[in-house]
Amino acid sequence: MTDTEPTTREFTELDQIVIRFAGDSGDGMQLTGDQLTRTTAIMGNDIATFPDFPAEIRAPAGTIPGVSAFQLRFSNFDIHTPGDDPDVLVAMNPAALKVHVGALKKNGVLIVNTASFKATDLKKAKYESNPLEDGSLDGYRLIEVDLTKLTRETLEDSPLDTRSKDRCKNMFALGILYWLFHRDMQPSIDAIRAKFAKKPDVVDANLKVLQAGYHFADISGIFQSSYKVAPASFMQPGTYRNLMGNQGLCLGLVAAAKQAGLQLMLGSYPITPASDILHQLSTYKHHGVVTFQAEDEIAAVCAAIGASYAGNLGITSTSGPGIALKSEAIGLAVMAELPLVVIDVQRAGPSTGMPTKTEQADLLQAMFGRNGECPLPIVCARTPGDAFEAGYEAVRIATKYMVPVMVLSDGYVANGSEPWRIPDEADLPKIEVEYAEERTDGGEFHPYLRDPETLARPWAVPGTEGLHHRIGGLEKADVTGHISYDPKNHEHMVRTRAEKVERIAADIPAADVLGETSGDVLLIGWGGTTGAITAATLRLQKAGHKVSAMCLRYLNPLPRNVETMLRSFKTVLVPELNCGQLAMLLRAKFLVDARPFTKVQGLPFSSQELEDGVMEALNRLNANGGEA
Amino acid sequence: MSTAESPLTKKDFKSDQDVRWCPGCGDYGILNAVQTAFANLGKNRHDTVIISGIGCSSRFPYYMETFGFHTIHGRAPSVATGVKLANPELDVWVISGDGDSLSIGGNHLIHTLRRNVGLKILLFNNRIYGLTKGQYSPTSEKGKRTKSTPLGSIDQPFSPISLALGAGATWVGRSVDIFAQHLVSMIEAMDAHQGTALLEIYQNCNIFNDGAFQGFTEKSVRDERTVEMRAGEPLLFGPDGAKKAVRFDAGMAPQVVTVGEGGVAEADLPKWDPSAGSPAAAMSLATAPEDALPVPIGVFRDVQRPKYEDETIAQMQQAKAGKQESLEALLTGSETWTVG
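First to last, the protein sequences are chains A and B. The opening position of the first sequence corresponds to residue 1318 in the working numbering, with each subsequent residue numbered one higher. The opening position of the second sequence corresponds to residue 579 in the working numbering, with each subsequent residue numbered one higher.
Spelled out as structure tokens, the structure:
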């Protein structure tokens, strides 16, 4: 089926393509995007994706709030973002057109499903006149296809009912794109067969429609040309897979637990956009993973703490509102000095906010959102692939230092995907965990006798003879762990817990620097903005500007080269999807004029926005004779 | 698990920490009963874990020479659940009070009971907040005047027993801090249960709610005002051989009858069955007004259901038997491509 390559197909060779699908949340846009992404990844292109969907499972059909979209960018070179403006937009209805056509590049390809442009559809999208007829789309290469009619015709003989037949129309669109971009259909054919294995009629229908779409594009002559993007050549040799951020995090956690020889126990409560971590880890029972869907966020973290206390690797996953609920328990883990990994897949807040939209506004919550002096290490996931390493590092630090570690991801990283070079098991850093050993001499066990280097206390697991002891949230005397209200002991313990976290700075790599170590502008960011910062910096550097970037994975403690870098540039810009939280930390800690460059729209930065911001800073520098 | 320790005595379960409850507190009696029962049961110190929340009762772990974890308010059952999931072999006891487990921790309590995690929960019910110095609790009687209810509480109190029964608890019992022997026997009985066992212990707070249970626990009235539920026996009570009994009318409401009067023969009285198919009789006793009926003590309910941790392990073993996968295979997944 994949050898149906039309011999006469005209094509244009391109370096990259950005495609956006948009339709009703019930139209299967995420599924369609996912199929195209997997196929494209397997074909060896670099990819970046951005799913953008509403919080409602099914908002009223055909309305603006119900529009769901998926953007895929693929290329033959190294890309860092899913692209700003699409080259191709597939709009399944007027509402989708209305929301997304503004982003489509001038002269871009616009494929619309004409079946959904009846008067009632236009009204639902609040169109006064039909955009297909009023000339408002003149600036685009409009391709009108009656997907519904063509799909129904293809399935004339299918035993499915009309409703089920209509559900296949996204496959028709996918078939068209597969022809248009010379994609191999076999991975999707296999995936459809696997997905609907128990429903042969559905498999038949989807495959028929997919192929019908492909042939329609070939025969109908609706496109003047097709497009080819050669495989990416820059990639490091190795075996690759497509990886989403939540997936990456799960794999990192499991890999680390296995390396450490620990059973992984996840306590979690469903919350967008973190639930996929619970789903994913639930399928790893054959790797000895225990998952516990608790009655609430607090029970989830407490069960994870209990598991860690008993010698497992306790993990809890949530989003910002869940972190708020877990705060007291995280404080307990800091006080009891137990290893724990707390995952916050950030979403737009405050309160319920915009659950399906991305934001980075939980950094200060992660740093300070607990009662008392309660520092903990924080790592973040910068890209979907980097999430693997963030999860892995969190486990390493938590177990080595006997401390809860916060992992900050965000909706953009969690649901985005990219090619990921599968690491060699032998190359994974060693994680050596030793429980305190049993003792039969009858002497008193000291649960807070620390390792002089790491300041970690021993992991004394119940069931070990001679180690029985009591811990808890009350302040303890150093060494013995007995309850203590001694003023000097309290100060000593507060400072020791902080020192333990600070010492981790010597145990993490210096932050990667993109560009020179001094210059005019330093962009310093963290987490999900890494892609946009990297893309913008590379373009600015290419244009000859003295711009460098530093995208942090370790947020507490900060890597040791951060301060020097901050002092080596005339201007420091801190791009963040919040109101300036990392900027506030850098200013407070280093007394430098780090300037916030922020956006809080529930959307990622485009690289253009960052370039514009840097150019403004450069112009200001020039105007002031090189002074910031 | 090691057997190196020789059988421990009650004294072996006392930690070296000074007990800091108020003199005369009912908690002392409970501590004593637990230490006695643990010695009687031949427990060792290193496999025993005592987990508490916050409140006077929750200081308990510090006074026990075992593993102990004094956690946060209301959350002890959740921490304990995590311990059980990590190591089902451990003997895990939860210590909680009426404020801790019925107010701030109510959610965790009911979910722990419905899951049937193998935990033993001792719920110290003194019907008051002690550690915060005397506010009403979810078990305080209506009309109670406290620091936070100067005009009297308008809250309807919980019956912890009926709450537990409603949540599907598999073992529910009740005892009293000063009924030393009975209390020890209840702790021993719950220890044998497979699954969550909840023991409500009426506990006198002599500072903020003194005499809360005096009306039925004082020696002079105890026999008249309490009825002990014993499996397979009628619900008999009464002082000096005066044979009174509790039985149920057609609507399952409990009623007091006198054996030998009005045609009531002892042989005709229903035998108490804590393992009955329906918890109706237990619920009827648990919800009867305290002043209308002798207060029931003993085992309300004792039924078998698979333990949560056992089912967790069974699923894991099934998954392991069904699919063996190396870490490398897991990381690789199903769709890959090669560069170079």
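Glycine residues also receive a C-beta, built at the ideal position from the N, C-alpha and C atoms. Being a predicted model, the structure only gives us computed values, none of them experimental.
Exercise for the section: Put residue 579 of chain B into one of helix, strand or coil per three-state DSSP. Expected result: Residue placement at residue 579 of chain B cannot be trusted, given a pLDDT of 42 that sits under 50; what the coordinates show is reported in the next sentence. DSSP places residue 579 of chain B in coil when its eight states are reduced to three.
Practice task
Determine the chain B residues that contact residue 1742 of chain A at a beta-carbon separation under 9 Å, and present them in chain order.
Solution key: 904, 905, 906 and 909
Exercise for the section: Count the C-beta pairs between the segment 703-722 of chain B and the segment 783-803 of chain B that are closer than 8 Å, then say yes if the count reaches three, no if not. Expected result: yes
Handout entry: Coil, strand or helix - residue 664 of chain B by DSSP
Key = helix
Practice task
In angstroms with no decimal places, state the Cα-to-Cα distance between residue 871 of chain B and residue 846 of chain B.
Solution key: One Cα belongs to residue 871 of chain B, the other to residue 846 of chain B, and the distance between them is close to 20 Å.
Practice task
For residue 1639 of chain A, return the contacting residues in chain B, with the cut-off set at a CB-CB distance below 8 Å.
Solution key: Per Cβ cutoff of 8 Å: no residues; residue 1639 of chain A is ~14 Å from chain B at best.
Handout entry: Entirely enclosed beta strand (DSSP E) segments - the segment 1755-1813 of chain A, minimum 3 residues
Key = 1787-1789
Exercise for the section: Spatial neighbours of residue 593 of chain B within its chain, please: CB distance less than 7 Å, with the 5 preceding and 5 following residues excluded, ordered by chain position. Expected result: 640, 641, 642 and 643
Exercise for the section: Select from B:857, B:622, B:588 and B:903 the residue whose C-alpha is nearest the C-alpha of residue 745 of chain B. Expected result: B:857
Handout entry: Segment contact, 8 Å Cβ cut-off, at least three pairs: the segment 1654-1672 of chain A with the segment 1708-1716 of chain A
Key = yes
Exercise for the section: Tell me, please, which residues DSSP counts as bridged to residue 1868 of chain A. Expected result: A:1842
Handout entry: Segments of 3+ residues assigned as beta strand (DSSP E) that fall wholly inside the segment 1344-1431 of chain A
Key = Those beta strand (DSSP E) runs which fall completely within the segment 1344-1431 of chain A and span 3+ residues are 1363-1369, 1384-1392, 1405-1408 and 1426-1430.
Exercise for the section: Kindly indicate the opening and closing residues of the beta strand (DSSP E) around residue 648 of chain B. Expected result: 645-648
Handout entry: Residues, ordered as in the chain, of the segment 1609-1628 of chain A that lie near chain B by beta-carbon distance below 9 Å
Key = If the cut-off is 9 Å between Cβ atoms, the segment 1609-1628 of chain A has 1609, 1611, 1612, 1613, 1615, 1616, 1617, 1618, 1619, 1620, 1621, 1622, 1623, 1624, 1625, 1626, 1627 and 1628 near chain B.
Problem - Neighbourhood of residue 1686 of chain A by C-beta distance below 6 Å, restricted to the same chain and skipping five residues each side - result: Excluding sequence positions up to five before and after residue 1686 of chain A, its CB lies within less than 6 Å of the CB of 1644, all in the same chain and listed in chain order.
Handout entry: Anticipated Cβ contact below 8 Å, residue 1347 of chain A with residue 1385 of chain A, distance rounded
Key = 7 Å
Practice task
Going by CA-CA distance only, name the one from A:1350, A:1880, A:1447 and A:1833 that's closest to residue 1435 of chain A.
Solution key: A:1447
Handout entry: Cross-chain neighbours of residue 713 of chain B in chain A, by beta carbon under 7 Å
Key = What residue 713 of chain B touches in chain A: nothing, since even the nearest Cβ is about 20 Å away.
Problem - Contacts that residue 667 of chain B makes with chain A (C-beta to C-beta distance below 7 Å) - result: 1780
Problem - Short-range partners of chain B found in the segment 1514-1536 of chain A, where Cβ spacing is below 7 Å - result: none
Handout entry: Straight-line Cα distance separating residue 1791 of chain A from residue 628 of chain B
Key = 16 Å
Problem - Proximity winner among A:1600, A:1629, A:1633 and A:1637, relative to residue 893 of chain B (alpha-carbon distances) - result: With distances taken between Cα atoms, residue 893 of chain B lies closest to A:1600.
Handout entry: Touch test, the segment 1794-1809 of chain A against the segment 1833-1842 of chain A, Cβ-Cβ under 8 Å, three pairs minimum
Key = no
Practice task
Could you tell me whether the segment 649-669 of chain B touches the segment 727-739 of chain B, using the rule of 3 or more Cβ pairs below 8 Å?
Solution key: no
Exercise for the section: Residues of the segment 675-709 of chain B with a CB closer than 7 Å to any CB of chain A: list them in chain order, please. Expected result: 685, 686 and 689
Handout entry: Environment of residue 1826 of chain A [buried if 16+ CB atoms lie within 10 Å]
Key = exposed
Exercise for the section: Counting only the same chain and skipping the five closest in sequence on each side, list residues whose C-beta sits under 8 Å from that of residue 1363 of chain A. Expected result: Scanning its chain for C-beta atoms nearer than 8 Å, with the 5 sequence neighbours on each side dropped, one finds around residue 1363 of chain A the residues 1391, 1392, 1393, 1394, 1395, 1396, 1549, 1551, 1552, 1735 and 1736, in chain order.
Problem - Rounded C-alpha distance that separates residue 650 of chain B from residue 632 of chain B - result: 6 Å
Practice task
Would you mind working out which of B:692, B:667, B:694 and B:698 sits nearest residue 674 of chain B, comparing C-alpha positions?
Solution key: B:698
Practice task
Using a Cβ-Cβ cut-off of less than 7 Å, list which residues of the segment 637-650 of chain B approach chain A; keep chain order.
Solution key: 639, 640, 643, 644, 645, 646, 647, 648, 649 and 650
Problem - Three-way DSSP call (helix, strand, coil) for residue 787 of chain B in this model - result: strand
Problem - Inter-residue Cα distance where the pair is residue 717 of chain B and residue 829 of chain B - result: 26 Å
Exercise for the section: Rank B:677, B:612, B:695 and B:882 by C-alpha distance to the C-alpha of residue 888 of chain B and give the top, closest one. Expected result: B:695
Exercise for the section: Could you pull the start and end residues of the alpha helix (DSSP H) that residue 1709 of chain A belongs to? Expected result: 1703-1718
Problem - Nearest-angstrom Cα separation, counted from residue 1719 of chain A out to residue 1544 of chain A - result: 54 Å
Problem - Nearest candidate by alpha-carbon position, reference residue 1334 of chain A, set A:1500, A:1623 and A:1884 - result: A:1500
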